[in-house]
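Chemist: Heads up: the sequence lines are chains S and C, in that order. The numbers in our numbering rise by one with no breaks, and the one at position 205 of the first sequence is 258. The numbers in our numbering rise by one with no breaks, and the one at position 51 of the second sequence is 104. C-beta atoms are modelled at their ideal positions from N, C-alpha and C, and glycine is treated no differently.
Protein chains: 2
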Amino acid sequence: MRHDARENAPVAGKGSAEGRAEGRKPVGRPRRIEARQIVDAARRIIQEEGVDAVSMRRVAKEVGTTPMALYHHVRDKDELLMLTLSGMAATVPRPALPDDPRERVLATAVHMHAVLRGMPWVVEVLGLGDLTDKGALWMVEEIIASAVACGLTPDEAVRAYRTIWYCVYGDLVFRRAVDRRTAEPDRKRYFPALLSDEDAAELPHLTALADRWEQLTEAYDVREQLAAVVTGLLSA
Amino acid sequence: MRHDARENAPVAGKGSAEGRAEGRKPVGRPRRIEARQIVDAARRIIQEEGVDAVSMRRVAKEVGTTPMALYHHVRDKDELLMLTLSGMAATVPRPALPDDPRERVLATAVHMHAVLRGMPWVVEVLGLGDLTDKGALWMVEEIIASAVACGLTPDEAVRAYRTIWYCVYGDLVFRRAVDRRTAEPDRKRYFPALLSDEDAAELPHLTALADRWEQLTEAYDVREQLAAVVTGLLSA
DNA sequence: ACCTGAACACCGTTCAAGT
DNA sequence: ACCTGAACACCGTTCAAGT
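1. R84(C) by DSSP, collapsed to three states: which one?
2. Output, in sequence order along the chain, the residues in the segment 181 to 199 of chain C whose CB is closer than 9 Å to any CB in chain S.
3. Closer than 7 Å, Cβ to any Cβ of chain S: which residues of the segment 202 to 217 of chain C, in chain order?
4. Does the pairing of the segment 106 to 123 of chain S with the segment 143 to 160 of chain S give three or more beta-carbon distances under 8 Å?
5. If you drop the 5 nearest sequence neighbours on each side, which residues of the same chain put their C-beta closer than 6 Å to that of M351(S)?
6. With a threshold of 8 Å, are at least 3 pairs of Cβ atoms found where one atom belongs to the segment 131 to 148 of chain S and the other to the segment 173 to 188 of chain S?
7. Spatial neighbours of V201(C) within its chain, please: CB distance less than 7 Å, with the 5 preceding and 5 following residues excluded, ordered by chain position.
8. Identify every run of the alpha helix (DSSP H) within the segment 101 to 153 of chain C, keeping only runs that are complete inside it and at least 4 residues long; order them along the chain.
9. Which of helix, strand or coil does DSSP assign to A74(S)?
10. Name the two residues that bound the continuous alpha helix (DSSP H) containing T235(S).
11. Is DSSP giving M165(S) helix, strand or coil here?
12. Closest Cβ-Cβ distance between V231(S) and chain C: below 8 Å?
13. Considering only their Cβ atoms, is the gap separating R85(C) from R128(S) smaller than 8 Å?
14. Does the Cβ of Q268(C) have 16 or more other Cβ atoms within 10 Å, making it buried, or fewer, making it exposed?
15. So, for C220(S): in the same chain, excluding its five sequence neighbours on each side, which residues have a beta-carbon less than 8 Å away from its beta-carbon?
16. Which residues in chain C sit within 7 Å of E156(S), going by Cβ to Cβ distance?
17. If the cut-off is 7 Å on Cβ atoms, which residues from the segment 102 to 114 of chain S count as contacting chain C, listed in chain order?
18. Go to R276(S), then tell me how far its alpha helix (DSSP H) extends in each direction, as first and last residue.
19. Nearest to W174(S) by alpha carbon, out of R147(S), I99(S), E87(S) and G285(S)?
20. Can you give the Cα-Cα distance for L286(S) and A246(S), rounded to whole angstroms?
21. Answer yes or no: does any C-beta atom of chain S fall closer than 8 Å to that of E132(C)?
22. Relative to the C-alpha of R228(C), which candidate in P257(C), R215(C) and G171(C) has its C-alpha closest?
23. Just to make sure I have the definition right: I need the residues of chain C whose C-beta is within less than 8 Å of the C-beta of T235(S). Which are they?
24. Have a look at L190(C), V176(C), H125(C) and A94(C) and flag the residue whose alpha-carbon is nearest the alpha-carbon of S302(S).
25. Using only the alpha-carbon positions, how far apart do V107(S) and L134(S) sit?
26. At 9 Å on the CB atoms, spell out the chain C contacts of H258(S), in chain order.
27. For the alpha helix (DSSP H) that A272(S) lies in, which residues bound it at each end?
28. Can you find a C-beta in chain C that's less than 8 Å from the C-beta of A281(S)?
29. Along the chain, where does the alpha helix (DSSP H) containing E255(C) start, and where does it finish?
30. Counting contacts by CB-CB distance shorter than 8 Å, is G285(S) in contact with chain C?
31. Would you call H125(S) buried or exposed, if buried means 16 or more other Cβ atoms sit within 10 Å of its Cβ?
32. I need the DSSP call for M192(C), collapsed to helix, strand or coil.
33. Could you spell out the range, first to last residue, of the alpha helix (DSSP H) harbouring P173(C)?
34. Could you check what DSSP says for K241(C) in three-state terms: helix, strand or coil?
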């Protein structure tokens, strides 16, 4: 007797290289759960309760199996987390971009940042380091193509892309850290509270800026900074 | 009877704002463990076995107490992890820097990167977002001061510092991701393996570069990229 | 081929009680 | 003031067995 599959329509299997094509007669025990259900459940948990709420046991309960059944569809928890990224780019409309290639680089980078700003959990998972969402690749292509249109070689353009990505990513990571700290205002703060009067001689600028440090952090404008970075990268 | 303190010399307490000064007569039960022992144990575990090997229970066992005793010295595990950073900068000699302020910005950034490259675990903990090591502040000061010497206002210099830090940090994070992947060669790779022949029209540059992508990743030279970024930031 | 159950070796943190 | 013990509510993953 088949377990209730709810609104999950039967899907095509987890990949084209799987040998589960039409004509094949299935052997062995029939599948009860699909990789997609697992990934969808994990994504739902992350969106509602954060990355830390995802556990193999919890996901299993959500799709109605045992924890160990998941290991037939994903290698381990990290792989499951990376797979939750797939399809996320498609949820955001693709913006109109300016004609000037330098402006296109900048606009795409700013768009990337804005989109990810609205999906904080994606940032956490991206740190695992692999792209699993095909729908996001147009942004990488766009930045590289526009950089080439500005006169960089493809190799230089790839390097420029990486640097731009680091600026986008860094802002997201440390903004998240700030958000977390303001969510827990009683947590001990170390910098710039760390500075004492004796440091004024050694660290004059930091001492002078200490009181305004948080304010400056909030005032950091990624677009402005990315503009400067792009200028530097394209003038090489 | 006092518990064996081994080579841990008696230390001054966890901070100046603690009211544990000389003249004070201690009240209540005497301390058995010091915050420093806890942090040192945590750091040792991280260095030998990685951040994931640290647990409150493990640290407690290492210093010879119960897990709960730790909570009298640190707020929670995150705070303990952040405290492991303190003192790390002092283990590295301070380099000689060039005279030209633009070169000083660049050299300091490259130094930051090189030092952290040798302490991969520090990068993981830094993502928690707070600086707890006074010994590292000279680099922040140096970059800001040199940027000011190049004509930026202090506020602009702080923004420039952040941007530079993002480039350094991004490289470290994604290099770690690559290292992890090469340590597990049987793990499924998603990009650029994700690309199929139909994508060639939509993603021409990525398709053309796919075969060389890993090679390009390895060839990424932070110094070169930071030089371009610094150029952009200082020409604003 | 896919799934289950039991087990292994762990977690962070709260609470009430002790010295 | 500082530490302990017991408990709560969990973890990821391996292994051997079942259908």
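Modeler: Let's see:
1. In the structure shown, R84(C) adopts coil according to DSSP, grouped into three states.
2. L181, G182, D183, L184, T185, D186, K187, L190, W191, V193, E194, I197 and A198
3. P207, D208, V211, R212, R215 and T216
4. no
5. No answer is possible for residue 351(S): the residues shown for chain S start at 54 and end at 289.
6. yes
7. P207 and A210
8. 109 to 116 and 130 to 136
9. In this predicted model, A74(S) has a pLDDT of only 38, less than 50, meaning its place in the structure is not dependable; the value taken from the coordinates is given anyway. Reduced to three states, the DSSP call for A74(S) is coil.
10. P207 to A236
11. Of the three classes helix, strand and coil, the one that applies to M165(S) here is helix, per DSSP.
12. Interface residue, yes.
13. In this structure, R85(C) does not lie closer than 8 Å to R128(S) by Cβ.
14. Q268(C) is exposed by the Cβ-count criterion.
15. A162, V275, Q278, L279 and V282
16. Going along chain C, no residue has its Cβ under 7 Å from E156(S), so there is no contact; the nearest lies around 15 Å.
17. Listed by position, the residues of the segment 102 to 114 of chain S near chain C (Cβ gap below 7 Å) amount to none.
18. V275 to L287
19. I99(S)
20. Taking the straight line from one Cα to the other gives about 36 Å.
21. For E132(C), the closest Cβ of chain S is nearer than 8 Å.
22. G171(C)
23. Going along chain C, no residue has its Cβ under 8 Å from T235(S), so there is no contact; the nearest lies around 11 Å.
24. In the structure displayed, chain S extends from 54 to 289; residue 302(S) sits before or after that span and is not available.
25. Rounded to whole angstroms, V107(S) to L134(S) spans 9 Å at the Cα level.
26. V193, E194, I197, A198, V201, P207, A210 and V211
27. W266 to A272
28. yes
29. First-last for E255(C): undefined, no H or E at that position.
30. yes
31. exposed
32. helix
33. P173 to L179
34. coil
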